[in-house]
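S.K.:
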Amino acid sequence: MSRSLRFAPLALLLLIVVALVWRLATPANTNVPSKLEGKPVPNFALPAALPSKPTLSSADLATGQPRVINIFASWCVPCVTEVKVLQELKVRGVAIEGIAVRDQSQDIAGFLARNGDPYERIGSDPQSRVQISLGSSGVPESFIVDGKGIIRYQHIGPIEQSDVPMILGKLEQAR
Amino acid sequence: MKRILILLALVAAQPLLADSNLPPAYWANRQLPDPKQEAEAQALMDELRCLVCQGQSIADSDAELAGDMRDLVRRRIAAGEQPSAIRSWLVQRYGTWISYKPTAELAAWPLWLAPLALLVIGAWLVRRRIRLKAKS
Chain L
1 MSRSLRFAPL ALLLLIVVAL VWRLATPANT NVPSKLEGKP VPNFALPAAL
51 PSKPTLSSAD LATGQPRVIN IFASWCVPCV TEVKVLQELK VRGVAIEGIA
101 VRDQSQDIAG FLARNGDPYE RIGSDPQSRV QISLGSSGVP ESFIVDGKGI
151 IRYQHIGPIE QSDVPMILGK LEQAR
Chain U
1001 MKRILILLAL VAAQPLLADS NLPPAYWANR QLPDPKQEAE AQALMDELRC
1051 LVCQGQSIAD SDAELAGDMR DLVRRRIAAG EQPSAIRSWL VQRYGTWISY
1101 KPTAELAAWP LWLAPLALLV IGAWLVRRRI RLKAKS
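Chain order of the listed sequences is L and U. With my numbering, the residue at position 77 of the first sequence is 77, and numbering never jumps. With my numbering, the residue at position 68 of the second sequence is 1068, and numbering never jumps.
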């Protein structure tokens, strides 16, 4: 066996270790973005999540004004902090609609009573069907929909305080 | 002592609740009454990738979203929809990421070419061996 070939297994091992360390240090992005950005919101009509609030259907979206559709759930932990940021967006005049995934009326009511209620309408999606038809893969997620009902931007994960200027910018672009 | 107590407390710790209180969707864990339709649904579910437990198929995953997707697949197959139509409906939303079935897109070419390349290398190795033997 030639001299250089003798070290081949060691080099291979080093290569594998380097690759493992690199992936541990910078984990791969596991987000699955929706392919519906730039496309119209699929047709849907959801039952009301709360007796006291209007429900959401795709017909409510193409009204000339851009809005945020927030996919949330009362059982979702990051949603608790996100809903406070949504509250701030609402104060700044942003229209926010909600889709409550796999949730029940009394739980949603409790969630909104505890954390605040930024939503104009909330639809209930007990079998995640509208969530799947939007190409969303979890809670929380938000879609910015323009006045013609076209999806302009998908935000995966909670909208944080630091995302507010970016979200306002996206809404301005969608105007 | 304090350390041991903290470690013992971990034994009783519960994972953070990250699931809803709703029961699984109707067709999530129930077979379709028609065996032919159920077989079609099963074959499709084996090839759809779970969005939560990425790397598992929705047939294998216990995630709630996977259950809801199994419900969606069985419902549509029971309504007479073709599996290929359901697959492309999902691909429109999540991209080819959602499907385990390899496509002919450029990124998948190594997958198709690898067996051929291995066969060629194997044939070359065998030929070399036979020649070496013949010489000796």
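From the three backbone atoms N, C-alpha and C, an ideal C-beta is built for every residue, glycine too.
(1) Going by beta-carbon coordinates alone, are Ala49 of chain L and Ile132 of chain L separated by less than 8 angstroms?
(2) Judging by CA-CA distance, which residue of U:Glu1064, U:Asp1046, U:Ala1063, U:Gly1067 is the nearest neighbour of Glu1057 of chain U?
(3) Pick out whichever of L:Leu24, L:Lys35, L:Gly149, L:Asn115 has its Cα sitting closest to the Cα of Phe72 of chain L.
(4) With DSSP as the reference, label Tyr1094 of chain U as helix, strand or coil.
(5) Pick out whichever of L:Val130, L:Leu89, L:Met166, L:Ile167 has its Cα sitting closest to the Cα of Val139 of chain L.
(6) Return the CA-CA distance between Leu5 of chain L and Pro165 of chain L, expressed in angstroms with no decimal places.
(7) Thinking C-beta only, is Ser74 of chain L closer than 8 angstroms to Arg1093 of chain U?
(8) Between the C-alpha atoms of Leu1016 of chain U and Lys53 of chain L, what's the straight-line distance to the nearest angstrom?
(9) Going by DSSP in three states, Glu37 of chain L sits in which element: helix, strand or coil?
(10) How would you label Tyr1100 of chain U, buried or exposed, when you count the other beta carbons within 10 angstroms and need 16 or more for buried?
(11) In chain order, what residues of the same chain lie with their CB nearer than 6 angstroms to the CB of Lys148 of chain L, ignoring the 5 residues before and after it?
(12) According to DSSP, is Phe111 of chain L helix, strand or coil?
(13) Asp103 of chain L: buried (16+ other C-beta within 10 angstroms of its C-beta) or exposed?
M.R.: The answer reads as follows:
(1) Taking 8 angstroms as the cut-off, the Cβ atoms of Ala49 of chain L and Ile132 of chain L do not count as close.
(2) It is worth fixing the name first, because residue 1057 of chain U is Ser in this sequence and not Glu. Answer by Cα proximity: U:Asp1046.
(3) Taking Phe72 of chain L as reference, the option from L:Leu24, L:Lys35, L:Gly149, L:Asn115 with the minimal CA-CA separation is L:Asn115.
(4) Collapsing the DSSP output to three states places Tyr1094 of chain U in a helix.
(5) When only C-alpha atoms are compared, the closest one is L:Val130.
(6) Between Leu5 of chain L and Pro165 of chain L, the alpha-carbon positions lie close to 57 angstroms from each other.
(7) Inclusion of Arg1093 of chain U and Ser74 of chain L in the CB contact set at 8 angstroms is not warranted, their separation being larger than that value.
(8) Unreliable positioning characterises Leu1016 of chain U in this predicted model, as indicated by a pLDDT of 49, which lies under 50. The coordinate reading is nonetheless provided below. Cα-Cα distance, rounded: 30 angstroms.
(9) For Glu37 of chain L, the secondary structure class from DSSP, reduced to helix, strand or coil, is coil.
(10) A residue is called buried once 16 or more other Cβ atoms fall within 10 Å of its Cβ, and Tyr1100 of chain U, having fewer, is exposed.
(11) Excluding positions up to five away in sequence, the list reads Ala62.
(12) Three-state DSSP puts Phe111 of chain L in a helix.
(13) Looking at its Cβ environment, which holds 16 or more other Cβ atoms inside 10 Å, Asp103 of chain L is buried.
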